[in-house]
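Chemist:
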Amino acid sequence: MLMDILGILIGFIAIMLLFSLLVTALVQGAQATLNLRFKNLKTVITQFFQNMDFVEHKVTQSILDHIDQRFPSTLYATALPLNIAGNKLKLTNIGQQDLITLIGNTKDVSLEEKEQLKQKIMDHFETLEVIMSQRFKQWMHQISIILAFVISFIFQLNCFTLLNQLNHDSAFRQQANTLSQQLSIEPPSETIETQIQPQLSALMFEITPEQWPQYYFSLNIATIGHWLGIIFSSILISLGAPFWFNRLRDMASLRDNLSKAK
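Listed below in structure tokens is the structure:
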């Protein structure tokens, strides 16, 4: 009985991880298309200089122009590295000395202002990096939540229905557990889009299910329950691939230990 419950949970976690990976791939695409890392960098630096009374707007713009020239926007438009185990993101490629050098090479800034700016940067650069990191992660989280809901809606991913299917459909549960073994042994690489499609197809997840009309063109308790299932699925998916990957490894380890104890 306990092993059956673990099998259901592992299958559920594997499917959540699979959809989280799909959201991650879409977030990477959105970040690259919108060039969010570079926009975040320029926004935070602009606000940093605007808070200094002695820095004029033209000086700030001149520094930003130098950043554009030395650090092309394409440098920041690369996809986010998918490091599931560590969940580490390299948020920016500009360092403290880089920024000081840029200011030193800016002609529109007097020597006195350059020294003042240099001191400000040396005093507050760590705080600047923290703000930049927090802001970028906030943007990514917001995009993840939106895309998680879109994916849940498109695939009609209802977490309540999914648990019920895993409980009653042994073939589906076996397929989900097979998926869990693949994901735990071989974490997806950065080119995850091509790996997700066949796995979704194997689990019979379709982009345009035939049952859409009965859910969205009728008002009844079942419709409300289905909407709640999709919303909860969105929340679960938005927890991120690293979260589900770690949960999958924990549950798989627990199952292995219980099997050995028998």
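Residues in the sequence shown are numbered from 93 upward in steps of one, following the numbering used here.
Cβ atoms here follow ideal geometry from the backbone N, Cα and C, with glycine treated the same way.
What are the boundary residues of the alpha helix (DSSP H) that includes N197?
Modeler: Position 105 of the sequence shown holds residue 197. It is not in any alpha helix (DSSP H) - N197 carries neither H nor E in the DSSP assignment.
Chemist: Evaluate the contact criterion for the stretch 253 to 270 versus the stretch 102 to 118: three or more CB pairs, one atom per stretch, below 8 Å.
Modeler: Taking a contact to require three or more Cβ pairs closer than 8 Å, the stretch 253 to 270 and the stretch 102 to 118 qualify as touching.
Chemist: In the DSSP assignment, find the unbroken alpha helix (DSSP H) run with N256 in it and report its ends.
Modeler: Here residue 256 corresponds to residue number 164 of the sequence shown, with the count starting at 1. Its alpha helix (DSSP H) spans residues 251 to 260.
Chemist: Would the stretch 264 to 274 and the stretch 128 to 145 be scored as touching if the rule is three or more Cβ pairs under 8 Å?
Modeler: Taking a cut-off of 8 Å on C-beta distances, the stretch 264 to 274 does not touch the stretch 128 to 145, as fewer than three cross pairs fall below it.
Chemist: Alpha carbon to alpha carbon, how far is L275 from T193?
Modeler: As a position in the sequence shown, residue 275 is number 183, starting the count at 1. As a position in the sequence shown, residue 193 is number 101, starting the count at 1. For L275 and T193, the distance between alpha carbons rounds to 45 Å.
Chemist: Are the CB atoms of L350 and L94 nearer to each other than 8 Å?
Modeler: Taking the sequence shown and counting its residues from 1, the one referred to as residue 350 is at position 258. Taking the sequence shown and counting its residues from 1, the one referred to as residue 94 is at position 2. Yes; because the gap between Cβ atoms is below 8 Å, this pair is in contact.
Chemist: Could you say which of L114, H158, E205, I322 lies nearest to Q355 if we only look at CA atoms?
Modeler: It is not possible to answer for residue 355, since the shown part of the chain is limited to 93 through 354.
Chemist: If you draw a straight line from the alpha carbon of N127 to that of K229, how long is it in whole angstroms?
Modeler: On the sequence shown, residue 127 is found 35 positions in, with the first residue counted as 1. On the sequence shown, residue 229 is found 137 positions in, with the first residue counted as 1. Distance between the alpha carbons of N127 and K229 is about 14 Å.
Chemist: Would you call the CB atoms of M224 and Q123 closer than 8 Å?
Modeler: Here residue 224 refers to the residue found at position 132 of the sequence shown. Here residue 123 refers to the residue found at position 31 of the sequence shown. No, the Cβ-Cβ distance between M224 and Q123 is not below 8 Å.
Chemist: Provide the residue span of the alpha helix (DSSP H) that contains E205, from first to last.
Modeler: Working through the sequence shown from its first residue, we reach residue 205 at position 113. Per DSSP, E205 belongs to the alpha helix (DSSP H) from 203 to 246.
Chemist: Kindly indicate which residue of E207, N250, F111, L320 has the alpha-carbon position closest to the one of S330.
Modeler: By 1-based counting over the sequence shown, the position of residue 330 is 238. Of the candidates E207, N250, F111, L320, the one whose C-alpha sits nearest the C-alpha of S330 is F111.
Chemist: With 16 as the cutoff for other CB atoms within 10 Å, does I327 come out buried or exposed?
Modeler: For the purposes of this step, residue 327 is taken as the residue at position 235 of the sequence shown. Exposed.
Chemist: Where does A169 fall in DSSP's three states?
Modeler: Counting from 1 along the sequence shown, the entry for residue 169 is found at position 77. With a pLDDT of only 42 at A169, under 50, the local geometry of the prediction cannot be trusted, and no value is derived from it.
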